[in-house]
């Protein structure tokens, strides 16, 4: 089973400010949808709460020991390891880890691929971060740069990092 991380991070590796995305980039949202549709998405409690609903066309899996009363069809596990073991036992070929910072940090050691949207800005005041990728462990295998436009406020680059 392939475990992938799908994340957007600033140049200084921040992914959020107070449980919110610090940018609105429609092209990144399209990329996120393309990278996660049709497969399980695994997220922490704060990511779930910030979404406010289940993502369509995906099995939504939440890691939390305190949440309950989730909508029908949303799975909850008390640990990332238990969630991944369950998803593997169900025959899933690929799963996407979609945040937040603590879940990314926990998942990175056994992740195969990272789809990173690098937002070309410095946040400085972020409250959630994505761990830096070590070039001893990861190789950049694809990237696609984009410039800011009327709908996307920042320059950004889609990247694919594969474990060496």
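Numbering (UniProt numbering), first residue to last: 1 to 164.
Every residue, glycine too, gets a C-beta built ideally from N, C-alpha and C.
None of the values given here were measured: they were computed from a predicted structure.
query = Buried or exposed: which applies to residue 111, given that a residue is buried once 16 or more other Cβ atoms fall within 10 Å of its Cβ?
reply = Here the question's residue 111 lines up with position 111 in the chain shown. By the 10 Å Cβ count, residue 111 comes out buried.
ask   = From residue 108 to residue 18, what does the alpha carbon distance come to, in whole angstroms?
value = By one-based count along the chain shown, residue 108 stands at place 108. By one-based count along the chain shown, residue 18 stands at place 18. Computed Cα separation, rounded: 22 angstroms.
inquiry  = Taking only three categories from DSSP, how would you classify residue 134?
reply    = Counting from 1 along the chain shown, the entry for residue 134 is found at position 134. DSSP places residue 134 in coil when its eight states are reduced to three.
query = Are the beta-carbon atoms of residue 98 and residue 43 separated by less than 8 angstroms?
reply = Translated into the one-based positions of the chain shown, residue 98 becomes position 98. Translated into the one-based positions of the chain shown, residue 43 becomes position 43. Cβ distance < 8 angstroms, so residue 98 and residue 43 count as in contact.
task = Would you mind working out which of 16, 23 and 127 sits nearest residue 148, comparing C-alpha positions?
result = On the chain shown, residue 148 is found 148 positions in, with the first residue counted as 1. The shortest C-alpha separation from residue 148 is found at 23.
query = In whole angstroms, what separates the C-alpha of residue 139 from that of residue 7?
reply = Mapped onto the chain shown, residue 139 falls at position 139. Mapped onto the chain shown, residue 7 falls at position 7. Rounded to whole angstroms, residue 139 to residue 7 spans 16 angstroms at the Cα level.
key: Top-ranked residue by Cα proximity to residue 144, from 12, 31, 21 and 65   = Residue mapping note: residue 144 aligns to position 144 of the chain shown, counting from 1. The option with the nearest alpha carbon to residue 144 is 31.
Minimum C-alpha distance to residue 124 - residue among 2, 34, 5 and 15 = In the chain shown, residue 124 corresponds to position 124, counting from 1. Answer by Cα proximity: 15.
request  = Thinking residue 45 and residue 62 are a contact (beta carbons under 8 angstroms), I'd like their distance in whole angstroms, please.
outcome  = Walking along the chain shown from the start, residue 45 turns up at place 45. Walking along the chain shown from the start, residue 62 turns up at place 62. So it is a contact: roughly 6 angstroms between Cβ atoms.
inquiry  = Restricting to runs no shorter than 3 residues, where is the beta strand (DSSP E) found entirely within the region 40-114?
reply    = 41-44, 60-63, 75-77 and 94-97
key: C-alpha gap between residue 1 and residue 39, whole angstroms   = The residue you call residue 1 lines up with position 1 of the chain shown. The residue you call residue 39 lines up with position 39 of the chain shown. Taking the straight line joining both Cα atoms gives about 12 angstroms.
request  = Output the distance between the C-alpha atoms of residue 153 and residue 115, rounded to the nearest integer angstrom.
outcome  = Indexing the chain shown from 1 puts residue 153 at position 153. Indexing the chain shown from 1 puts residue 115 at position 115. Cα to Cα, the separation comes out at about 20 angstroms.
request  = Taking only the alpha-carbon atoms, compute the straight-line gap between residue 75 and residue 50 and give it to the nearest angstrom.
outcome  = The residue you call residue 75 lines up with position 75 of the chain shown. The residue you call residue 50 lines up with position 50 of the chain shown. Whole-angstrom Cα-Cα distance: 17 angstroms.
inquiry  = Could you pull the DSSP bridge partners for residue 139 from this structure?
reply    = Residue mapping note: residue 139 aligns to position 139 of the chain shown, counting from 1. 162, per the DSSP bridge assignment.
ask   = Between the beta-carbon of residue 41 and the beta-carbon of residue 53, is there less than 8 angstroms?
value = As a first step, residue 41 must be located in the chain shown, where it is residue number 41. As a first step, residue 53 must be located in the chain shown, where it is residue number 53. It is not a contact, given that the beta carbons lie outside the stated cut-off.
task = In the DSSP assignment, find the unbroken alpha helix (DSSP H) run with residue 27 in it and report its ends.
result = Sequence index remark: in the chain shown, residue 27 carries index 27 (1-based). 26-36 is the span of the alpha helix (DSSP H), which, as asked, contains residue 27.
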